[in-house]
Amino acid sequence: GDSVTQTEGQVTVSESKSLIINCTYSTTSIAYPNLFWYVRYPGEGLQLLLKVITAGQKGSSRGFEATYNKETTSFHLQKASVQESDSAVYYCALGRSSNTDKVVFGTGTRLQVSP
Amino acid sequence: EAAVTQSPRSKVAVTGGKVTLSCHQTNNHDYMYWYRQDTGHGLRLIHYSYVADSTEKGDIPDGYKASRPSQENFSLILELASLSQTAVYFCASSAGLGQDTQYFGPGTRLLVL
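Going down the list, the protein sequences come from chains A and B.
In terms of the numbering used here, the first sequence is residues 1476 to 1590.
In terms of the numbering used here, the second sequence is residues 294 to 406.
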């Protein structure tokens, strides 16, 4: 089956510093999955941050980037300069281009940006 | 813009009582989901549905029932609430199952005492 691992439960970064949130996936399928980053701001539901469906491609949104690396089975989220408003919980997720497989979510990483 | 609403936003329930969480979407999506979020766990799928009057078990269905009376509405029912069901519950909708973006509601914080 599929699984998603986020090793950091919480990350604290100073404003204007760079950020990396790690995500790796594991799969027993020969087909490459679709990869997502969702974000949950305080008091709100999750919303899609970015999505990449092709291995080797990079997705970007709101200054965040993530590259789909099939060799290392990773999809790390990066931002060059974080802002206090980026404080949220970030979830990595895996889905498949079929209507029989459900999306698998990671445990989430809480980002705290300090002023 | 896509919209998923949940009610109530928070609830305190007693052990053994019945709890119903409601979800409404205006996205015209076929798929709807109920997840629970606990500290240290990712979102875990409880039930989902791809058509009115039909529901499917997710990964952790025990202790929960679901109802999809229409395309727009999807309810989660705890017939006998237990302490272990204290969590935040999210409803979501999507056009397809695995490959499409899911649109989430704001969540319901449930405390069972």
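Don't be surprised by glycine CBs; every beta carbon is placed ideally from N, CA and C.
Please read all numbers here as calculations on a predicted model, not as lab measurements.
Interface residues of chain A facing residue i [CB-CB closer than 8 angstroms]
i               : result
F367 of chain B : What F367 of chain B touches in chain A: nothing, since even the nearest Cβ is about 14 angstroms away.
6 angstroms Cβ shell around residue i - same chain, five flanking residues per side excluded
i                : result
V1579 of chain A : D1477, V1479 and L1569
T1542 of chain A : K1533
Q1587 of chain A : T1487 and S1562
A306 of chain B  : V312, A374 and V405
Y1500 of chain A : V1479, T1548 and L1569
Y1566 of chain A : Y1513, F1580, G1581 and G1583
T348 of chain B  : H340, S342, A359 and R361
S315 of chain B  : S300 and S368
V1527 of chain A : L1510, G1534 and Y1543
Residues that residue i contacts on chain B, provided the C-beta gap is smaller than 8 angstroms
i                : result
T1582 of chain A : G333, H334 and G335
G1518 of chain A : P399
Residue i beta carbon near the ligand GTP (any heavy atom closer than 7 angstroms)
i               : result
R361 of chain B : Absence of the ligand GTP is noted for the structure shown, with no ligands found whatsoever.
Nonlocal neighbours in the same chain, by C-beta distance under 7 angstroms from residue i, ignoring five residues either side
i                : result
S363 of chain B  : A345
E372 of chain B  : K311 and K358
E1559 of chain A : E1490, V1588 and P1590
Pick from the options that is closest to residue i, judged by C-alpha positions
i                : options                               : result
A1506 of chain A : A:Y1566, A:L1524 and A:T1529          : A:T1529
E356 of chain B  : B:L376, B:N366 and B:S342             : One detail in the question is off: residue 356 of chain B reads as Gly in this sequence, not Glu. Measuring from the Cα of G356 of chain B, the nearest candidate turns out to be B:L376.
N1497 of chain A : A:Y1516, A:K1554, A:S1589 and A:Q1558 : A:K1554
G398 of chain B  : A:V1557, A:Q1522 and A:G1538          : A:Q1522
K304 of chain B  : B:A388, B:A385, B:V381 and B:Y326     : B:V381
P354 of chain B  : B:Q378, B:G333, B:Y396 and B:H334     : B:Q378
Neighbourhood of residue i by C-beta distance below 8 angstroms, restricted to the same chain and skipping five residues each side
i               : result
S321 of chain B : Here the sequence assigns Asn to residue 321 of chain B, which means Ser is not the residue at that position. So the qualifying residues of the chain are Q364.
L336 of chain B : Y328, R329, Q330 and F383
Limits of the beta strand (DSSP E) - the one that residue i falls within
i                : result
R302 of chain B  : No beta strand (DSSP E) holds R302 of chain B; DSSP gives it neither H nor E.
C384 of chain B  : A380 to S387
G1534 of chain A : K1533 to S1536
R337 of chain B  : R337 to V344
V1557 of chain A : Neither: V1557 of chain A is in no beta strand (DSSP E) and is coded neither H nor E.
L1523 of chain A : L1521 to V1527
I1496 of chain A : L1494 to I1496
Interface residues of chain B facing residue i [CB-CB closer than 7 angstroms]
i                : result
G1534 of chain A : What G1534 of chain A touches in chain B: nothing, since even the nearest Cβ is about 12 angstroms away.
L1510 of chain A : What L1510 of chain A touches in chain B: nothing, since even the nearest Cβ is about 11 angstroms away.
V1578 of chain A : G391 and Q395
G1570 of chain A : G391 and Q392
Per-residue contacts from residue i into chain A (C-beta, under 7 angstroms)
i               : result
T394 of chain B : L1523 and K1526
A338 of chain B : For clarity, residue 338 of chain B is Leu in the given sequence; the question names Ala instead. Residues of chain A passing the Cβ test: K1577.
Contact list for residue i against chain A, beta-carbon separation under 9 angstroms
i               : result
V297 of chain B : G1520
Between the stretch 314-334 of chain B and chain A, which residues of the former have CB atoms less than 7 angstroms from a CB of the latter, in chain order? G333 and H334
Interface positions of the stretch 358-392 of chain B facing chain A (Cβ-Cβ less than 9 angstroms), listed along the chain: Going along the stretch 358-392 of chain B in chain order, one finds F383, C384, A385, S387, G389, L390, G391 and Q392 with a Cβ nearer than 9 angstroms to chain A.
Residues, ordered as in the chain, of the stretch 1544-1567 of chain A that lie near chain B by beta-carbon distance below 8 angstroms: Y1566
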